[in-house]
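The structure appears right after this line, and notes come after that.
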Amino acid sequence: MALKRIQECILLSYTQQLLDDDDFCLLYDANYTNYPVFDHGQHTRFTLDAVSEEECLSSFLFRQLDIPYLAQVLCLPEKFICPNRTAALTEEALCILPRRFAYPYMMPQFGRSPQELSLIANKMMDEIYETLGHLTDNHRSSIADKS
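If you're matching positions, the sequence shown starts at 1 in the UniProt record's numbering and goes up one per residue.
See below:
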């Protein structure tokens, strides 16, 4: 969590009078964000085994045993690697996708940054569309033919 550490160093330097008022204001403004800063390291990474059946159904809209089956039916790879090399197993990515649409803030459950969660959800959507997108195209053309 680099930003928080930088802010702490700036404050410490100012309290020890290593920075004057102008330098402090300049540095603090340059290292300020309007967005909340989260410590992603304090949460453990997601594993499907750690989730109860009831929580799995209510949080991810699937039963725990259905998620590996769903991955097989959708012909998904074992692992997703995003453009920035963020990696996620298919089971985790299948759980992230419905949660991402329902609850934008879902970090504690997955132990990942919002950026990683968005990348994984987008990669999952792209993969599903590449694999099964032809079905929607066929459906659209059959609707167009009827009208």
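Cβ atoms here follow ideal geometry from the backbone N, Cα and C, with glycine treated the same way. Treat the numbers as computed from the prediction; the structure is a model and nothing was measured.
Per the Cβ contact rule, the segment 57-70 is not in contact with the segment 17-34 (fewer than 3 Cβ pairs under 8 Å). For the pair Phe-80 and Phe-46, the Cα-to-Cα distance works out to about 15 Å. Of the other Cβ atoms in all chains shown, 16 or more fall within 10 Å of the Cβ of Cys-82; this residue is therefore buried.
When rounded, the separation of the alpha-carbon atoms in Arg-63 and Leu-57 is 5 Å. Counting along the chain, the unbroken beta strand (DSSP E) around Ala-88 starts and ends at 87-89. The continuous stretches of beta strand (DSSP E) do not include Phe-24, which lies in the alpha helix (DSSP H) extending over residues 21-30. Cβ-Cβ separation between Arg-100 and Ala-121: approximately 4 Å, consistent with a contact (criterion under 8 Å). 9 Å or more divides the Cβ of Leu-89 from the Cβ of Glu-127. Ranked by Cα distance from Gln-115, the options Arg-85, Ile-10, Leu-94, Gln-7 are led by Arg-85.
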